[in-house]
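Undergrad: In the numbering used here, the protein residues as written are 427 to 707.
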Amino acid sequence: MLPPHRHSQDGDAPIRATDNDAALARLSAVQKGYFDDPFITYLVPRAHLQPPRPPLINVGTFVRSQAIDNLVDQWLSFSKAGNRPCQIVSLGAGSDTRFWRIANGPHKDILAAYVEVDFPEVTTKKAMVIRKNLSEALGSPSDIHIIHGGTGVRSPKYHLIPADLRLPPSEKLENLLFSPNSDSSSTEDKPILSTSLPTLLLFECVLVYVSPSQSSRLLGWFVDKFSKSESIDGILGCIVYEMFGLNDAFGRVMVNNLKARNVFLPGAEPYPTIDRVPAKF
Numbered sequence: 427m428l429p430p431h432r433h434s435q436d437g438d439a440p441i442r443a444t445d446n447d448a449a450l451a452r453l454s455a456v457q458k459g460y461f462d463d464p465f466i467t468y469l470v471p472r473a474h475l476q477p478p479r480p481p482l483i484n485v486g487t488f489v490r491s492q493a494i495d496n497l498v499d500q501w502l503s504f505s506k507a508g509n510r511p512c513q514i515v516s517l518g519a520g521s522d523t524r525f526w527r528i529a530n531g532p533h534k535d536i537l538a539a540y541v542e543v544d545f546p547e548v549t550t551k552k553a554m555v556i557r558k559n560l561s562e563a564l565g566s567p568s569d570i571h572i573i574h575g576g577t578g579v580r581s582p583k584y585h586l587i588p589a590d591l592r593l594p595p596s597e598k599l600e601n602l603l604f605s606p607n608s609d610s611s612s613t614e615d616k617p618i619l620s621t622s623l624p625t626l627l628l629f630e631c632v633l634v635y636v637s638p639s640q641s642s643r644l645l646g647w648f649v650d651k652f653s654k655s656e657s658i659d660g661i662l663g664c665i666v667y668e669m670f671g672l673n674d675a676f677g678r679v680m681v682n683n684l685k686a687r688n689v690f691l692p693g694a695e696p697y698p699t700i701d702r703v704p705a706k707f
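What follows is the structure in structure tokens.
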């Protein structure tokens with residue numbers, strides 16, 4: 427599933443590097459005591475040697491983390507109150523540690539499936555870290571499978587999938603909901619998600635890096651699949667955290683800094699104000 431052309435890999439490297447920035451910022455905020463995350467050190471190479479980030483970065487990371495954590499906790503509490511197992515799909519998950527935090531928290535039993543999707547280059551590194559340091563939360567060793575040539579992970583609850591979200595979902599994400607071999611009884615061939623369960627889509631600084639048409643196609647694919655569910659519990663929710671309002675002085679500086687690193691934001695330009703963001707959906 428690696429991109430077929432070398433220039434595609436090189437072109438995407440700056441986007442993938444933004445996840446490294448986010449991981450380093452999170453590590454710094456944790457080390458400075460803004461919040462707890464005992465798992466982030468495993469996902470940052472040489473974590474003990476990394477210098478702290480400026481206070482403004484630490485504060486911004488805290489706000490970002492708390493905002494998303496609160497919304498995800500509300501979703502899990504909503505499912506728990508209704509005694510309904512739920513599912514979470516984190517698209518462009520990068521080095522996020524949310525699954526492990528949930529798996530060690532009060533809502534672990536209500537979670538039926540947790541799926542992370544990202545570039546193969548990103549998932550390969552994460553799969554190696556999981557195999558070495560983070561496999562305990564996934565279940566017994568016999569239930570954990572390294573798949574897709576080492577670029578993915580499959581376990582009873584947690585699933586790591588290599589895919590380019592800019593490509594048609596029908597090509598890369600179909601196995602989330604449909605078995606590749608309907609005659610097989612193998613656990614690895616069973617669908618990962620159920621359209622009869624409440625399912626939360628999580629986009630954390632992801633959609634800004636893809637075009638509006640690609641975002642619409644991705645979101646529309648999930649909406650189409652879950653709208654066909656015959657269960658009243660097949661609710662589809664979505665949390666999006668991303669930039670907007672980039673036309674002010676601060677925004678222009680940020681955009682120019684990103685452009686200098688060959689990072690562009692095609693998904694942000696059509697939504698210059700917060701009032702325009704809902705149009706994405």
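The C-beta atom is built at its ideal place from N, Cα and C for all residues, glycine as well. Since the model is a prediction, treat every value here as computed from it, not as a measurement.
When you compare only the Cα positions, how much space is there between residue 447 and residue 602?
TA: If I take the Cα positions, the gap works out to 29 Å.
Undergrad: Output the distance between the C-alpha atoms of residue 483 and residue 638, rounded to the nearest integer angstrom.
TA: Each residue's Cα considered, the two are about 28 Å apart.
Undergrad: Which one of 537, 471 and 457 has the shortest CA to CA distance from residue 514?
TA: Per the Cα distances, 537.
Undergrad: Going by CA-CA distance only, name the one from 569, 577 and 486 that's closest to residue 450.
TA: Comparing Cα positions, the closest option is 486.
Undergrad: Between residue 623 and residue 645, what straight-line distance do the alpha-carbon atoms span, to the nearest angstrom?
TA: Computed Cα separation, rounded: 17 Å.
Undergrad: Specify whether the region 453-470 and the region 520-532 touch according to this definition: at least 3 beta carbon pairs, one from each stretch, less than 8 Å apart.
TA: Yes, since at least three Cβ pairs between the region 453-470 and the region 520-532 fall closer than 8 Å, the two stretches touch.
Undergrad: With 8 Å as the threshold, decide whether the Cβ of residue 508 is near any Cβ in chain D.
TA: The structure shown contains no chain D; it holds only a single protein chain.
Undergrad: Which of the three DSSP states is assigned to residue 663 in this structure?
TA: Three-state DSSP puts residue 663 in a strand.
Undergrad: Go ahead and pull the three-state DSSP assignment for residue 538.
TA: Looking at residue 538 - three-state DSSP - the assignment turns out to be strand.
Undergrad: Using only CA atoms, which one of 584, 686, 594 and 454 lies nearest to residue 472?
TA: The shortest Cα separation from residue 472 among 584, 686, 594 and 454 belongs to 454.
Undergrad: Looking at residue 632: is its Cβ nearer than 8 Å to the Cβ of residue 497?
TA: For residue 632 and residue 497, no; Cβs fall outside 8 Å.
Undergrad: Apart from the five residues just before and just after residue 660, which ones in its own chain have a Cβ nearer than 6 Å to its Cβ?
TA: If we look at residue 660 and ignore the five residues flanking it on each side, its Cβ neighbours are 621, 622 and 652.
Undergrad: Can you tell me where the alpha helix (DSSP H) holding residue 703 begins and where it ends?
TA: Careful: residue 703 lies outside any alpha helix (DSSP H) and carries neither H nor E.
Undergrad: Helix, strand or coil, according to DSSP, for residue 650 in the structure here?
TA: If DSSP states are grouped into helix, strand and coil, residue 650 belongs with the helices.
Undergrad: Check residue 577 in the structure and name its three-state DSSP category.
TA: Correct three-state label for residue 577: coil.
Undergrad: Which one of 489, 458 and 492 has the shortest CA to CA distance from residue 480?
TA: For residue 480, the nearest C-alpha among the options comes from 458.
Undergrad: Is the beta carbon of residue 697 sitting closer than 8 Å to the one on residue 676?
TA: Against a cut-off of 8 Å, the Cβ pair of residue 676 and residue 697 comes out as no contact.
Undergrad: The alpha helix (DSSP H) that contains residue 600, what's its start and end?
TA: Careful: residue 600 lies outside any alpha helix (DSSP H) and carries neither H nor E.
Undergrad: According to DSSP, what are the bridge partners of residue 517?
TA: Paired residues: 543 and 629.
Undergrad: Between the beta-carbon of residue 636 and the beta-carbon of residue 694, is there less than 8 Å?
TA: No, the pair does not count as a contact, with Cβ atoms beyond the cut-off.
Undergrad: Which residues in the same chain have their Cβ closer than 6 Å to the Cβ of residue 556, if we skip the five residues on either side of it in sequence?
TA: Only 579 meet the Cβ criterion.
Undergrad: Kindly indicate which residue of 502, 571, 440 and 547 has the alpha-carbon position closest to the one of residue 664.
TA: Among 502, 571, 440 and 547, the Cα nearest to that of residue 664 belongs to 502.
Undergrad: What's the gap between the Cα of residue 707 and the Cα of residue 553?
TA: The alpha-carbon atoms of residue 707 and residue 553 are separated by roughly 32 Å.
Undergrad: Do residue 672 and residue 681 come within 8 Å of each other at the CB atom, strictly closer than that value?
TA: Their beta carbons are under 8 Å apart, which means residue 681 touches residue 672 by this criterion.
Undergrad: So, helix, strand or coil for residue 572, using DSSP?
TA: Strand at residue 572.
Undergrad: Closest by CA to residue 658, which one among 628, 508 and 582?
TA: When each option's Cα is compared against that of residue 658, the closest is 508.
Undergrad: Compare the C-alpha of residue 531 against each of 699, 499, 456 and 444 and name the closest.
TA: When each option's Cα is compared against that of residue 531, the closest is 499.
Undergrad: In chain order, what residues of the same chain lie with their CB nearer than 6 Å to the CB of residue 543, ignoring the 5 residues before and after it?
TA: Within the same chain, residue 543 has close Cβ partners 517, 587 and 589.
Undergrad: Bridge partners for residue 585 per DSSP, in chain order?
TA: Answer by DSSP bridge pairing, in chain order: 541 and 580.
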